[in-house]
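The next block holds one structure in the form of structure tokens; read it before the comments.
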Amino acid sequence: MNITLDYLRGRRTWVVPNLVVWGDWSLASFMLLYTEMGETSKRIMLAENNLGGEDQVINFSDLLDFRGNQLPEVISHPKVVVLPKNEVNCIVVGTETETCFRIARASGEEKTGLVDLMVVEMG
Numbered sequence: 010m011n012i013t014l015d016y017l018r019g020r021r022t023w024v025v026p027n028l029v030v031w032g033d034w035s036l037a038s039f040m041l042l043y044t045e046m047g048e049t050s051k052r053i054m055l056a057e058n059n060l061g062g063e064d065q066v067i068n069f070s071d072l073l074d075f076r077g078n079q080l081p082e083v084i085s086h087p088k089v090v091v092l093p094k095n096e097v098n099c100i101v102v103g104t105e106t107e108t109c110f111r112i113a114r115a116s117g118e119e120k121t122g123l124v125d126l127m128v129v130e131m132g
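Start counting the sequence shown at 10; every next residue gets the next number (this note's numbering).
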């Protein structure tokens, strides 16, 4: 038997067609420190602000593959590959978790994105 072929065939893979991406990519995340000095109180506040819009969070269990089968709720070490279907650039934001991932349009795009996804369980 071919060890490489066995390795590749041992991974579960799904292709999800026609996902509409409306989320907007944040260019940067800033940690801000606010201080307030009043006559009766003094406060220090810490906040995290994103420059840009909201990422779109997608659970694997909400997706259907091209055969109409629902993806499992938990995928061990998933990797999501974005396959664009129109001119809008879309990206996976951050790292994928076992239950969900974040996706967004590139900044400056006004139209929604249309993509196919390839989800691979890396084991």
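Glycine included, C-beta positions come from ideal geometry on N, C-alpha and C.
The model shown is predicted, which means the values in this text are computed figures rather than measured ones.
- Three or more beta-carbon pairs separated by less than 8 Å link the segment 118-127 to the segment 81-96, which places the two stretches in contact.
- In the three-state reduction of the DSSP assignment, Phe110 falls in the strand class.
- For Trp34, the closest alpha carbon among the candidates Arg114, Glu119, Val129 is that of Arg114.
- Secondary structure of Phe69 (DSSP, three-state): helix.
- By the 16-neighbour rule on beta-carbons within 10 angstroms, Leu42 is exposed.
- About 7 Å separates the beta carbons of Met127 and Thr22, which is inside the 8 Å limit, making them a contact pair.
- Here Leu73 is exposed, its C-beta having fewer than 16 other C-beta atoms within 10 Å.
- A distance below 8 Å separates the beta carbons of Ile112 and Ile67.
- Excluding sequence positions up to five before and after Val97, its CB lies within less than 6 Å of the CB of Arg114, Glu118, Lys120, Gly122, all in the same chain and listed in chain order.
- With a threshold of 16 other beta carbon atoms within 10 Å, Glu130 meets it and is buried.
- In the three-state DSSP reduction, Thr22 falls in the strand class (E or B).
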